[in-house]
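Only one structure is covered here, and it is reproduced in the block below.
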Amino acid sequence: MVTVTSATPSPPTLYALLSSCEETNIAGSVTYGCLAMDYSPEISSVSWKKDQETITTGLRTYPSVLNKRGTHTLSSQLTISESEMGSSTIYCEVQRGDAVWKKEMPDRVVHHPTILLTLSPSEEITSRRFATIVCSILDFSPNSIAVKWLKDGQAFNSGIVTSPAFEVNGNYSATSRLTVPAGEWFSNTVYTCQVIHKDATQSRNITRPQGSCSSTDPVITILPPPVEQVLLEATVTLTCIVTNARYGVNLSWSQGEKTLQSEIAVKPPDSVFSQLNISTQDWLSGTRFYCVVTDQDLPTPLKKSIRKEEVTNPQEPSVTVLLPSSEASTQTFISLSCLVRGFFPREIFVKWTVNGKQLNPGNYKNTEVTAENGKNSYFLYSLLSIAAEEWASGASYSCVVGHEAIPLKITNRTVDKSSDSTDGIWTEDYEDDNGNIWTTASTFITLFFLSIFYSTAVTLVKVK
1 MVTVTSATPS
11 PPTLYALLSS
21 CEETNIAGSV
31 TYGCLAMDYS
41 PEISSVSWKK
51 DQETITTGLR
61 TYPSVLNKRG
71 THTLSSQLTI
81 SESEMGSSTI
91 YCEVQRGDAV
101 WKKEMPDRVV
111 HHPTILLTLS
121 PSEEITSRRF
131 ATIVCSILDF
141 SPNSIAVKWL
151 KDGQAFNSGI
161 VTSPAFEVNG
171 NYSATSRLTV
181 PAGEWFSNTV
191 YTCQVIHKDA
201 TQSRNITRPQ
211 GSCSSTDPVI
221 TILPPPVEQV
231 LLEATVTLTC
241 IVTNARYGVN
251 LSWSQGEKTL
261 QSEIAVKPPD
271 SVFSQLNIST
281 QDWLSGTRFY
291 CVVTDQDLPT
301 PLKKSIRKEE
311 VTNPQEPSVT
321 VLLPSSEAST
331 QTFISLSCLV
341 RGFFPREIFV
351 KWTVNGKQLN
361 PGNYKNTEVT
371 AENGKNSYFL
381 YSLLSIAAEE
391 WASGASYSCV
401 VGHEAIPLKI
411 TNRTVDKSSD
421 STDGIWTEDY
431 EDDNGNIWTT
441 ASTFITLFFL
451 SIFYSTAVTL
461 VKVK
């Protein structure tokens with residue numbers, strides 16, 4: 001049988017997708033996606049390359065989809081280990097006849113840590129006859145690090161306790177604590193905390209100060225309020241974190257010359273924090289707030305400020321929910337995908353509810369917010385995995401989106417079994433002028449995420 005199409009010949013538009021760290025289902029691996037859209041006629045092949053070397057393993061290419069406009073969509077997926085990838089450039093290559101199109105894959109977002117060393121007070125060292133050195137490893141991603149301690153340049157392992165990395169505001173932090181005899185500390189031994197993260201090694205040294213008991217000055221970090229709190233509540237919370245803080249350090253908040261709150265920190269010297277509740281209106285108006293740190297060892301107070309930056313030309317997101325195909329009725333688990341695109345600024349939240357009740361975030365995964373090609377806007381998508389029997393029961397599922405450009409701040413798209421398509425094609429319950437883009441992309445996105453969630457689904461079945 002010969003299929004005839006009247007579509008005008010057109011080249012493919014290529015998009016690169018990258019799974020976030022939390023969505024990677026194989027430790028130490030990265031999953032990339034390559035999406036070829038709106039092309040005609042069919043392309044000859046899709047291949048993946050590492051620099052100039054063709055990749056032959058970890059690939060999955062899906063059949064092309066003929067769209068209503070007579071153009072095609074094709075998707076391919078690559079899963080590759082970080083060790084194999086190294087510092088190479090990964091890209092996909094699409095070929096049709098003698099024409100070749102390439103798309104370079106984005107680098108994984110890497111934040112190397114900030115490293116701070118703090119020391120127990122001198123009177124504590126004298127009374128307890130031990131010195132405790134804390135190496136604070138802050139604000140890094142991904143969460144894999146190696147910590148080593150050196151004594152006068154030589155590695156050793158005694159007296160060391162390193163905590164597992166914990167998540168803070170999207171990145172990770174950890175601490176490593178070294179306890180040494182007071183005699184070694186007072187003998188001017190040099191101790192080094194060495195941190196290896198990805199391909200970078202950082203080191204910080206500490207030794208007994210000559211003629212002074214002071215160490216590195218405190219470092220101030222202020223966290224903005226969560227997006228959901230800004231959109232839904234009358235008050236919001238600012239958080240000031242002070243690392244390398246000493247006993248008795250004073251933390252205060254001010255607005256201009258007006259002091260709003262003051263407290264003395266009596267926690268251990270590695271870090272302290274203070275929170276300030278302000279009206280949401282003050283935050284939205286762009287008022288500047290200061291976190292001020294004073295200490296008897298500081299010649300002048302340290303301060304840092306925060307304010308909400310003014311946004312010009314905000315853009316409201318469009319929200320689309322993609323339903324499972326008719327073939328999903330034979331599966332144990334099915335997925336609903338929520339595509340949110342065209343919004344500005346990038347601050348947004350996406351969550352799911354069932355019959356009006358909020359679902360545990362562990363039941364769904366959100367991609368990172370990503371800039372749209374050639375536009376001053378962003379997109380993300382969320383995948384909800386549910387048991388097929390729950391979907392068949394008629395439960396209503398809603399993708400809830402919050403963004404400052406939405407007139408009522410919150411919008412949602414609700415679907416249930418009755419919304420399902422009758423012809424097995426992925427369908428939408430909301431469509432804008434660019435709806436065709438997301439309709440054609442739906443097959444790829446769903447298959448891309450299903451591969452990530454497959455191992456989780458199998459585990460749940462085994463447990464039951």
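In this text, residue positions in the sequence shown follow full-length UniProt numbering: the first is 1, and each later residue adds one. Don't be surprised by glycine CBs; every beta carbon is placed ideally from N, CA and C. Here the structure is a predicted model, which is why all the values come from computation and not from measurement.
Could you check what DSSP says for residue 105 in three-state terms: helix, strand or coil? Position 105 of the sequence shown, counting from 1, holds the residue named residue 105. DSSP places residue 105 in coil when its eight states are reduced to three.
Short Cβ contact (9 Å threshold) for residue 316 with residue 343: Here the question's residue 316 lines up with position 316 in the sequence shown. Here the question's residue 343 lines up with position 343 in the sequence shown. The answer is yes: Cβ separation under 9 Å.
Give me the DSSP bridge partner(s) of residue 181. If you number the sequence shown from 1, residue 181 lands on position 181. Its beta-bridge partners are 130.
Tell me whether the beta-carbon of residue 89 lies closer than 9 Å to the beta-carbon of residue 139. Here residue 89 refers to the residue found at position 89 when the sequence shown is read from its first residue. Here residue 139 refers to the residue found at position 139 when the sequence shown is read from its first residue. Cβ distance not < 9 Å, so residue 89 and residue 139 don't count as in contact.
Residue 85 - partner residues in DSSP beta bridges: For the purposes of this step, residue 85 is taken as the residue at position 85 of the sequence shown. For residue 85, which the question treats as bridged, DSSP gives no partner whatsoever.
Buried or exposed, going by whether 16 or more other CB atoms sit within 10 Å of the CB of residue 355? Indexing the sequence shown from 1 puts residue 355 at position 355. Residue 355 should be labelled exposed.
Contact check, residue 192 vs residue 177 under 8 Å by CB: the rounded distance? What you label residue 192 is simply residue 192 of the sequence shown in a count that begins at 1. What you label residue 177 is simply residue 177 of the sequence shown in a count that begins at 1. So it is not a contact: roughly 15 Å between Cβ atoms.
Reference residue 101, options 408, 305 and 13, closest by Cα: For the purposes of this step, residue 101 is taken as residue 101 along the sequence shown, with counting starting at 1. By alpha-carbon distance to residue 101, the top candidate from 408, 305 and 13 is 13.
Is the number of C-beta pairs between the segment 297-307 and the segment 355-373 that are closer than 8 Å three or more? no
Those residues which DSSP pairs with residue 271 across a bridge: The residue you call residue 271 lines up with position 271 of the sequence shown. Residue 271 pairs with 243.
Need the endpoints of the beta strand (DSSP E) that residue 200 sits in, please. Locating residue 200 in the sequence shown gives position 200, counting from the first residue. Start and end: 200-206.
Contacting residues, own chain, Cβ-Cβ under 6 Å from residue 473 (five flanking each side not counted): Within the shown structure, residues of the chain are numbered from 1 to 464, placing residue 473 beyond reach of any answer.
In whole angstroms, what is the alpha-carbon distance linking residue 221 and residue 255? The count along the sequence shown starts at 1 and reaches residue 221 at position 221. The count along the sequence shown starts at 1 and reaches residue 255 at position 255. Whole-angstrom Cα-Cα distance: 17 Å.
Do you know how far the Cα of residue 59 is from the Cα of residue 10? Here residue 10 refers to the residue found at position 10 when the sequence shown is read from its first residue. Here residue 59 refers to the residue found at position 59 when the sequence shown is read from its first residue. Roughly 26 Å between the two C-alpha positions.
Given this structure, state the Cα-to-Cα distance separating residue 136 from residue 113, to the nearest angstrom. As a first step, residue 136 is located in the sequence shown; it is residue number 136 there, counting from the start. As a first step, residue 113 is located in the sequence shown; it is residue number 113 there, counting from the start. The straight-line gap from Cα to Cα measures roughly 9 Å.
My output table needs one value for residue 227: the three-state DSSP class, helix, strand or coil. As a first step, residue 227 must be located in the sequence shown, where it is residue number 227. Residue 227 falls in the helix class under three-state DSSP.
Which runs of the beta strand (DSSP E) at least 3 residues long sit entirely within the UniProt domain "Ig-like" (317-416)? Give them in chain order. 318-322, 333-343, 349-354, 364-366, 378-387, 397-402 and 410-415
Cut-off 7 Å between Cβ atoms - residues of its own chain near residue 66, not counting five sequence neighbours on either side: As a first step, residue 66 is located in the sequence shown; it is residue number 66 there, counting from the start. If we look at residue 66 and ignore the five residues flanking it on each side, its Cβ neighbours are 72.
Under 9 Å between the Cβ atoms of residue 92 and residue 49? Counted from its first residue, the sequence shown places residue 92 at position 92. Counted from its first residue, the sequence shown places residue 49 at position 49. Yes; because the gap between Cβ atoms is below 9 Å, this pair is in contact.
Which of helix, strand or coil does DSSP assign to residue 419? Translated into positions along the sequence shown, residue 419 becomes position 419. Helix, per DSSP.
Does the Cβ-Cβ distance between residue 397 and residue 383 come in under 9 Å? Translated into the one-based positions of the sequence shown, residue 397 becomes position 397. Translated into the one-based positions of the sequence shown, residue 383 becomes position 383. The answer is no: Cβ separation not under 9 Å.
What residues match up with residue 33 in a beta bridge as DSSP calls it? Position 33 of the sequence shown holds residue 33. Answer is 17 and 77.
Would you list the one or two residues that DSSP bridges to residue 118? Here residue 118 is taken as the residue at index 118 of the sequence shown, counted from 1. DSSP, once it has assigned bridges, lists 134 as partnering residue 118.
Would the segment 275-282 and the segment 234-244 be scored as touching if the rule is three or more Cβ pairs under 8 Å? yes
So, at 6 Å on beta carbons, what are the nonlocal neighbours of residue 129 in its own chain, with the 5 sequence-adjacent residues on each side left out? Within the sequence shown, residue 129 is the residue found at index 129, counting from 1. Closer than 6 Å at the Cβ level, and outside the excluded window around residue 129, lie 182.
Does residue 10 come out as helix, strand or coil in the three-state DSSP assignment? Mapped onto the sequence shown, residue 10 falls at position 10. Residue 10: strand per DSSP, three-state reduction.
Assuming residue 218 and residue 245 are in contact, meaning their beta carbons sit under 8 Å apart, how far apart are those beta carbons, in whole angstroms? Taking the sequence shown and counting its residues from 1, the one referred to as residue 218 is at position 218. Taking the sequence shown and counting its residues from 1, the one referred to as residue 245 is at position 245. Approximately 5 Å separates the beta-carbon atoms of residue 218 and residue 245; this is inside 8 Å, confirming the contact.
According to the neighbour-count rule (16 or more other Cβ atoms, all chains shown, within 10 Å of its Cβ), is residue 375 buried or exposed? As a first step, residue 375 must be located in the sequence shown, where it is residue number 375. Answer is exposed; the Cβ neighbour count stays below 16.
Taking 9 Å as the cut-off, decide whether the C-beta atoms of residue 289 and residue 307 are in contact. The residue you call residue 289 lines up with position 289 of the sequence shown. The residue you call residue 307 lines up with position 307 of the sequence shown. Against a cut-off of 9 Å, the Cβ pair of residue 307 and residue 289 comes out as a contact.
May I have the straight-line CA-CA distance separating residue 470 from residue 54, to the nearest angstrom? There is simply no residue 470 to check, as the chain begins at 1 and stops at 464 in what is shown.
Proximity to residue 75 [Cα-Cα], best of 35, 371, 394 and 351: Along the sequence shown, read from residue 1 onward, the residue named residue 75 stands at position 75. Minimum Cα distance to residue 75 is reached at 35.
Determine the contact status of residue 227 and residue 349, defining contact as a CB-CB distance below 9 Å. To locate residue 227, count along the sequence shown from 1; it is residue 227. To locate residue 349, count along the sequence shown from 1; it is residue 349. Contact flag set, yes.
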